[in-house]
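Numbering (my numbering), first residue to last: 545 to 603.
Scroll down for the structure; my scribbles are underneath it.
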Amino acid sequence: MFRVVISKLLYCCFVEKFDLSDRNLMVVNESDSLWDIDISKLSLHPANYVLKEKYKIED
Numbered sequence: 545m546f547r548v549v550i551s552k553l554l555y556c557c558f559v560e561k562f563d564l565s566d567r568n569l570m571v572v573n574e575s576d577s578l579w580d581i582d583i584s585k586l587s588l589h590p591a592n593y594v595l596k597e598k599y600k601i602e603d
């Protein structure tokens, strides 16, 4: 059993289907208010990309 984040489920249902159990994929929510999710502002990225952007890790 696994937990699914709401933004990940919304992306899978309304934008593009992908394996929800894949922990290497993350959905980024670029909506102004994070609780008022705009489907057009969701994007799917590999987890390492998201972490690099969040913490600005240089290679």
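Ideal placement from N, C-alpha and C gives every residue a C-beta, glycine not left out.
It should be emphasised that the depicted structure is a prediction, and the values quoted were computed from it without experimental measurement.
Residue i, buried or exposed, once every other Cβ within 10 Å from all chains shown has been counted against 16
i      : result
Tyr555 : buried
Asn571 : The sequence as given places Val at residue 571; Asn does not occur at that position. So Val571 counts as buried.
Lys585 : exposed
Asp600 : The sequence shown places Lys at residue 600, not Asp. By the 10 Å Cβ count, Lys600 comes out exposed.
Of the residues the options, the one placed nearest residue i, counting alpha carbons only
i      : options                        : result
Phe562 : His589, Leu595, Ser577         : His589
Leu569 : Glu560, Ser577, Ile581, Trp579 : Glu560
Lys598 : Trp579, Ile583, Glu574, Asp580 : Glu574
For residue i, the three-state DSSP class (helix, strand or coil)
i      : result
Leu586 : strand
Ile550 : helix
Phe562 : coil
Unbroken beta strand (DSSP E) run spanning residue i, endpoints
i      : result
Leu569 : 569-573
Where the alpha helix (DSSP H) through residue i begins and ends
i      : result
Glu597 : 591-599
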